[in-house]
Amino acid sequence: MSRQFQCKTCQETSEAQAMMKHLSATRHKTVIDTQTGEEIACEECNDTNVHQLQIIRFGGEDMTLICNSCFQKQFGTNEKPTTAYDLKNGSLLNFWDKYLKVRECCCTKCGKDSKLNVNSKGDVLCDDCLTKVGGKLGSDYISESTGKFLYRYLGIKEPTSTSSSSSKKFKRKGGRKVGRGKRGGGGAKGARGGKKSDGGKEKKPLTYLQKLEKEAFKTKKENSIIESSSTLNLRSFKGVKATTKANLTSQTLQDSSPMVKDTKAINKQQKNKPTSGKENVSKGNKPTAANGNVSKGNKPTPGKENVSKGNKPTAAKGNISKGNKPTPGKENVSKGNKPTAAKGNISKGNKPTATKENTSKGKKANEKKNKVTEVKQTKMAAEKSGSSSSTSSLTSRDSEKKASSNRDHVASKTTKHEKNKRKEQTLQKQRPSSKDTTSTIDSWGVSWDLGSDGSNETTPATSRGSTPQPVSKAKEQRATPKKKQDRDAEVENLSRSASQIHFDTAQKQKAKKMEEIEEGIPLAKFVKYKPKLTYPDLKTYCDEFSYALFLEQKLENTFIEDFQILWPKRQEENVFVVQINKNAPGLDTILPPHLAQFVKIPFNERQPLMLSSNDESHVWYTFVKEVGTQGKKIILLLELFSWNKLSLPIQSGSEQFKLLPVSAQANRILFAMTRIKNPKFIDLLLGSKPIYQLQFNNRLKFNRDTLNESQRKAVQHVLNNRITVIQGPPGTGKTSTIEEVILQLIENFHSFPILCVAASNIAIDNIAEKIIETRPNIKSLRILSDKKESQYGPDHPLGKICLHNMVYDRLSPEMREIASKLRSDRRGEVSRNQDNKFYTETTNISNKLIAQAQILFTTNITAGGRQLKVIKELPVVIMDESTQSSEASTLVPLSLPGIKNFVFVGDEKQLSSFSNIPQLEMSLFERILANGSYREPNMLDTQYRMHPRISDFPIKKFYHGKLKDGVTAENKMWDGIQYPLFFYQCDKGPEGRVVNNQNGMRAFTYNNIFECQEIIKLVYKLYLEKNVKLEDIGIITPYSSQRDLLSQMFVKDAVVNPLGKGMLQETDEAEFLNSRRNDIQSHTVNIINGLHVATVDSFQGHEKNFIIFSCVRNNAENKIGFLRDRRRLNVALTRAKNGLIVVGNKEVLKRGDHLWRDFVQYLEEQEVVFDSLDVY
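Count the sequence shown with the numbering used here and you get residues 18 to 1193, in order.
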């Protein structure tokens, strides 16, 4: 593998050429050779400013690394070396290896570094050792005194006498410098570690902090590497431009596949001269009737497959490309072509007479007559079909899909006109539509359209709203009389084939029948991607989860389609090059807005990219191995991840593919897959082997006497086993159990740092607050994502242990000022040099604090961030709310270095994370219980949260009587509350349906303004009559639109919000996979003057004294949607401590689902169903 260099300022690591570009662009000064750890510095004065350094070769005598200042002192200002390598000419780091070789040159026998000789093989001997060799072998050596030593030693071509005359004038006095190599002076580092022979400066020994920094740098590097199986870089890569030569599917089959072998044999036979065939018809043939693709070399008369270069078919059924001259057609008729009757895919040079299906674009028309004919035909076709849009065009992907049933594959070059149209389409998709209605922020990342009074302006659930169709550009153009234009321009604008027209019509019909998404219901097309319980090997596991991530990511990210591919010359290579224009559509969406204005290239090393065929049937998972630029192009060297099962399709053209960038969350998950090395955790993921469970009593002295037996048993299990699963139903003291585990590990077992993670910040905060309250002497550190840092200021309950606050307190005054500018969006006032210094200082402080911490609190995804890269070992990881963590996100903490114990704490009877891809919904906690590999989870069996009247139904229905109450009715009694459990029958009006079109889909949710009005009355009762503080009341509902409608109404309410305070929002949405478009059940809680309003999903992990549950659904069809989910009902019924009020229509609910029928019957048996609020 080629030598790597690291910029000491920003920790960027790359090979020589890329690093020199980086240093020139950023003006960073110090660079390190990662192989030796040596800073590149002047031999004389140790100046490390790489912009002032040059490697000078004194002919064939010596080579030195010297700064400009020292050079002028030794040789004067008028002297110019004949051979110098520096950053300006882009060669400094390229010759670093040769410089080291010369500097460390010594006798291979005795290690002496003076009076040396070298032979033609590069062997070096000193004069003394050479005398012992003698004979013919000795005569092959030349001495360094000849002035030709380096030419032979480095393999440099010796210059002619004419060209060398100038070099003789520029010499180093005393010949080659000695005493600076490994043997002569203690090595590359040792050369500057003591007195230099020429009087150089002595290097000071490293301080303790410098040693820490050096160690942190080394560890960070080790934890950031993706193991590469290729030694190629951008400079050494030799590739070929991607052009279509073979069918994509046949290329991606494994070489060992019998199908591949059969295909190769068939192709070999078809290179002969068949007279009739249905497969490949080759170049130079003149078939009369063909139904397919005709290829090179054969001379058949009838054929049904490939029609290629130079053929002259008279009847074919497929794509007609470059150079053909068709006349009429019904699919894609290109400029200048004259088909008459063709049924095959006809390539360059063919002259068919007619076509009926897909004929692709060729070059511009060569004859004006053809152009006029085509324009007339296009106009006539347009009038017949009624198509209007002149901006849409059938891309190669669409024609591929239509023609896949009757052909293998044909590549047609995309013209400039097609590319422009594609770019315009992409830009049009990105343009947001504007509406004048009042909007509220919803959980889908868009705004539900609500009326000014907060009510929805949509039809009730029994009727469907219509989507207005935009007026197309083409219609507007036809309505306006055209001016006289140049005929070529007219052809360029109006030349559209019949297939394009049909495509436009189909697109309109598709828009009218847009796919509908109901809130909380996964997309129907993804339901088939269900999680498996076991996997045969790690490669299959990673491959299948990568594809699930691809399906999720394509819903929120924009594909890049304008690029060129260079394939490797050999099939077995796993690297290739992609060239992308800097202004290509889709690049502007990769970086977040706050970084886009400062970062010119939106790619960096190790960044994952997914290469997909246009029909998305084949996907390759890659990472960026190296980034470069060339004029207006970005050059990426991409390498396949090790688990790819498809080989590179090196016989396919660039136009057949598209690139998908992934979110930061998916980035960390894919990186985590490369770091899974622990055999125990691999077995855990595969699920085929039972997980070992040891039951042993350690005779512990517990810190709290209040722990019940199930909690103590769980703590013991953690201390004795590699993997522990703790099942914690609502209110059973999971946080107290985790606290005890942490204290035992630190105080008795001295295992730290301990990492505590969860999917949500709320769950982590609960544990952190408890630890700093009971054990303030323990060194705790709360690490947040960049987006969340502003919400955790010094005044926050956890502000004192937040890493970003502690770093700020330790900054120098100058750096604090820069930090203030960065925090207040004044980044433009910070220079690049200041930004680099700020990064260096904050990183050093952060590394030191993390090294000293005993407990680290963060979220799953943030655990994969830069902060924890400096840790060598994490003995214990505890994951709270494990069922809310998707298995994919669990991989991030699971892959961290040195983990010995992993603890899962959660409850599979409660909600998991939401995703449109079922495979990404299931947690690892659930899967290891479902596949039986973890047989006996440690269940916490006593709940302390709920009034027994509230907990009774969940205990019986969801936990089958295994859970018991640890509190009595007297403990949870509230003055003035007669009914701790209360169902209010509300049938005052139907639900409303709120619709929003997004991402080509029709998304809808529900609200019920009639329930909202009754809920306001309930809040008045609790707040005004029962003396319940607003902070003690939580309102939960399944639907985000109901949450937003309630929030709007409470913001305007004079009783609840008399001072008109703005609504606050707590959200953890940035921690989830689809953070850009936000998942349907966004983890957002709205707070109005202390009153909490949230969806059921976002309130998991929360509790309040009083909970009002708005069921929303009220329709004649008795449909209740995702209220049928028993886990959602379990969460909704178990959030309240003292009082639970359910508001809904019992008739609709009990007819909508058997579980709700049981619950309503239970309520009726308990006589707590009421039609009036007066009795409450």
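Beta carbons: idealized from backbone N, C-alpha and C, even for Gly.
Handout entry: Leu40 - DSSP class collapsed to helix/strand/coil
Key = Here residue 40 is taken as the residue at index 23 of the sequence shown, counted from 1. Per DSSP, reduced to three states, the secondary structure at Leu40 is helical.
Practice task
Go through its chain and collect everything with a Cβ distance to Leu711's Cβ below 7 Å, but skip five positions before and after it.
Solution key: Locating residue 711 in the sequence shown gives position 694, where the first residue counts as 1. Residues Asn737 and Asn738 of the same chain have their beta carbon placed closer than 7 Å to that of Leu711, with the five preceding and five following residues left out of the count.
Problem - Candidates Arg849, Asn250 and Glu535, of which the one nearest Thr26 by Cα - result: Translated into positions along the sequence shown, residue 26 becomes position 9. Looking at the Cα atoms, Arg849 is the closest of the given residues.
Handout entry: C-alpha distance - Ile607 paired with Ile800, whole-angstrom precision
Key = Mapped onto the sequence shown, residue 607 falls at position 590. Mapped onto the sequence shown, residue 800 falls at position 783. Rounded to the nearest angstrom, the two C-alpha atoms are 25 Å apart.
Practice task
Just tell me which of Ile83, Gly77, Thr43 and Phe75 has its CA closest to the CA of Ala58.
Solution key: Reading the sequence shown from its first residue, position 41 is the one you call residue 58. Closest by alpha carbon: Ile83.
Exercise for the section: Could you please give the first and the last residue of the uninterrupted alpha helix (DSSP H) stretch that includes His68? Expected result: Position 51 of the sequence shown, counted from the start, is the residue given in the question as residue 68. Boundaries cannot be given for His68, as no alpha helix (DSSP H) includes it and DSSP labels it neither H nor E.
Practice task
Indicate the three-state DSSP secondary structure (helix, strand or coil) for Val350 in the structure shown.
Solution key: If you number the sequence shown from 1, residue 350 lands on position 333. Because Val350 sits at a pLDDT of 37, beneath the cut-off of 50, its placement in the model cannot be relied upon, and the following sentence gives the value as read from the coordinates. In the three-state DSSP reduction, Val350 falls in the coil class, being neither helix nor strand.
Exercise for the section: On a CA-only basis, which of Leu941, Pro610 and Arg721 is nearest Leu550? Give me that one, please. Expected result: Counted from its first residue, the sequence shown places residue 550 at position 533. When each option's Cα is compared against that of Leu550, the closest is Leu941.
Handout entry: Extent of the continuous alpha helix (DSSP H) run through Leu1062
Key = If you number the sequence shown from 1, residue 1062 lands on position 1045. It spans Ser1057 to Lys1069 - the alpha helix (DSSP H) in which Leu1062 sits, taken as one unbroken run.
Handout entry: Contacting residues, own chain, Cβ-Cβ under 6 Å from Tyr1179 (five flanking each side not counted)
Key = Position 1162 of the sequence shown holds residue 1179. Closer than 6 Å at Cβ, skipping near neighbours: Phe970.
Problem - Alpha carbon of Gln588 to alpha carbon of Ala947, nearest angstrom - result: As a first step, residue 588 is located in the sequence shown; it is residue number 571 there, counting from the start. As a first step, residue 947 is located in the sequence shown; it is residue number 930 there, counting from the start. Cα to Cα, Gln588 sits roughly 41 Å from Ala947.
Handout entry: Beta-carbon spacing of Pro1007, Leu1140 below 7 Å
Key = To locate residue 1007, count along the sequence shown from 1; it is residue 990. To locate residue 1140, count along the sequence shown from 1; it is residue 1123. Against a cut-off of 7 Å, the Cβ pair of Leu1140 and Pro1007 comes out as no contact.
Problem - Pro910: first and last residue of the uninterrupted alpha helix (DSSP H) it sits in - result: Here residue 910 refers to the residue found at position 893 of the sequence shown. Note, Pro910: alpha helix (DSSP H), Glu904 to Leu911.
Exercise for the section: Following the continuous beta strand (DSSP E) through Trp1173, name the residue where it begins and the one where it ends. Expected result: For the purposes of this step, residue 1173 is identified with residue 1156 of the sequence shown, where counting begins at 1. Secondary structure note for Trp1173: it is in no beta strand (DSSP E), and the uninterrupted alpha helix (DSSP H) holding it is His1171 to Glu1182.
Problem - N- and C-terminal bounds of the alpha helix (DSSP H) containing Tyr116 - result: Here the question's residue 116 lines up with position 99 in the sequence shown. That run of the alpha helix (DSSP H) goes Trp113 to Arg120.
Practice task
Would you mind sorting Ile686 into buried or exposed? The rule is 16 or more other CB atoms within 10 Å of its CB.
Solution key: As a working note, residue 686 is residue 669 in the sequence shown. Under a 10 Å Cβ-count criterion, Ile686 is classified as buried, with 16 or more other Cβ atoms of the shown protein chains found around its own Cβ.
Exercise for the section: Would you give the residue range spanned by the beta strand (DSSP E) that His1109 belongs to? Expected result: The residue labelled residue 1109 in the question sits at position 1092 within the sequence shown. Annotation: the continuous beta strand (DSSP E) that includes His1109 extends over Leu1108 to Thr1112.
Problem - Whole-Å CB distance - Ala780 paired with Glu898, under 8 Å assumed - result: Locating residue 780 in the sequence shown gives position 763, where the first residue counts as 1. Locating residue 898 in the sequence shown gives position 881, where the first residue counts as 1. That pair is a contact at about 4 Å.
Practice task
Output yes or no for whether 7 Å exceeds the beta carbon distance between Val67 and Lys38.
Solution key: Taking the first residue of the sequence shown as 1, we reach residue 67 at position 50. Taking the first residue of the sequence shown as 1, we reach residue 38 at position 21. No, Cβ-Cβ distance for Val67 and Lys38 is not below 7 Å.
Practice task
Could you check the C-alpha separation between Asp415 and His813 for me, to the nearest Å?
Solution key: For this step, residue 415 is matched to residue 398 along the sequence shown. For this step, residue 813 is matched to residue 796 along the sequence shown. Per-residue confidence for Asp415 stands at a pLDDT of 40, beneath the threshold of 50, marking its modelled position as unreliable; no derived number is given.
Exercise for the section: Quick one: residues in its chain with C-beta nearer than 8 Å to the C-beta of Glu1199, no 5 flanking neighbours on either side, listed in chain order? Expected result: Beyond the ends of the chain as shown, which are 18 and 1193, falls residue 1199; an answer cannot be given.
Problem - Other residues of its chain near Ile795: CB distance less than 7 Å, five sequence neighbours each side excluded - result: Residue mapping note: residue 795 aligns to position 778 of the sequence shown, counting from 1. Correct list, in chain order: Ile763, Ile788, Gln871 and Ile872.
Exercise for the section: Please classify Ala58: does DSSP put it in a helix, a strand, or coil? Expected result: The count along the sequence shown starts at 1 and reaches residue 58 at position 41. Coil at Ala58, not helix or strand.
Exercise for the section: Give me the Cα-Cα distance between Glu904 and Asn106, rounded to the nearest whole angstrom. Expected result: Your numbering for residue 904 matches position 887 in the sequence shown. Your numbering for residue 106 matches position 89 in the sequence shown. Each residue's alpha carbon lies about 50 Å from the other.
Practice task
Decide yes or no for the touch test of the region 656-671 against the region 570-578: beta carbon pairs closer than 8 Å, at least 3 of them.
Solution key: With the cut-off at 8 Å, the region 656-671 and the region 570-578 do not touch.
Exercise for the section: Report the rounded CA-to-CA distance for Val1185 versus Ile895, giving the unit in angstroms. Expected result: Stepping through the sequence shown from its first residue, residue 1185 is reached at position 1168. Stepping through the sequence shown from its first residue, residue 895 is reached at position 878. Cα to Cα, Val1185 sits roughly 41 Å from Ile895.
Exercise for the section: Sort out for me which residues DSSP pairs Thr1084 with in a bridge. Expected result: For the purposes of this step, residue 1084 is taken as residue 1067 along the sequence shown, with counting starting at 1. As a beta-bridge residue in DSSP terms, Thr1084 pairs with Thr1101.
Handout entry: Buried/exposed call for Pro485, threshold 16 Cβ in 10 Å
Key = In the sequence shown, counting from the first residue as 1, residue 485 sits at position 468. Any reading at Pro485 is ruled out, since the residue's pLDDT is 35, under 50, leaving its predicted position unreliable.
Problem - Sequence-distant residues of the same chain with beta carbon closer than 8 Å to Tyr976, five excluded per side - result: Numbered from 1 along the sequence shown, position 959 holds the residue referred to as residue 976. Within the same chain, Tyr976 has close Cβ partners Pro746 and Lys926.
Problem - DSSP state of Arg193 mapped onto helix, strand, coil - result: As a position in the sequence shown, residue 193 is number 176, starting the count at 1. Here Arg193 sits in coil by DSSP.
Practice task
Please confirm if the region 707-724 is in contact with the region 956-963, defined as three or more CB-CB distances below 8 Å between the two stretches.
Solution key: Cβ pair count under 8 Å is below three, so no.
Handout entry: First through last residue of the beta strand (DSSP E) which encompasses Leu626
Key = What you label residue 626 is simply residue 609 of the sequence shown in a count that begins at 1. First-last of the beta strand (DSSP E) with Leu626: Pro625 to Ser630.
Exercise for the section: Please report how far the alpha carbon of Asn85 lies from the alpha carbon of Ile72, in whole angstroms. Expected result: As a working mapping, residue 85 is identified with position 68 in the sequence shown. As a working mapping, residue 72 is identified with position 55 in the sequence shown. Roughly 10 Å between the two C-alpha positions.
Problem - Cα-Cα separation, Pro498 to Asp632 - result: As a first step, residue 498 is located in the sequence shown; it is residue number 481 there, counting from the start. As a first step, residue 632 is located in the sequence shown; it is residue number 615 there, counting from the start. With a pLDDT of only 40 at Pro498, under 50, the local geometry of the prediction cannot be trusted, and no value is derived from it.
Problem - Met1066 beta carbon less than 7 Å from that of Asn1103 - result: In the sequence shown, counting from the first residue as 1, residue 1103 sits at position 1086. In the sequence shown, counting from the first residue as 1, residue 1066 sits at position 1049. No, Cβ-Cβ distance for Asn1103 and Met1066 is not below 7 Å.
Handout entry: Beta-carbon contacts of Glu247 that lie in its chain and below 8 Å, excluding the five residues immediately before and after
Key = For the purposes of this step, residue 247 is identified with residue 230 of the sequence shown, where counting begins at 1. Note that residue 247 is Ser in the sequence shown here, rather than Glu. Cβ-Cβ distances below 8 Å link Ser247 to Glu590, Asn591, Val592, Lys642 and Glu656 in the same chain, with the five nearest sequence neighbours on each side left out; the list follows chain order.
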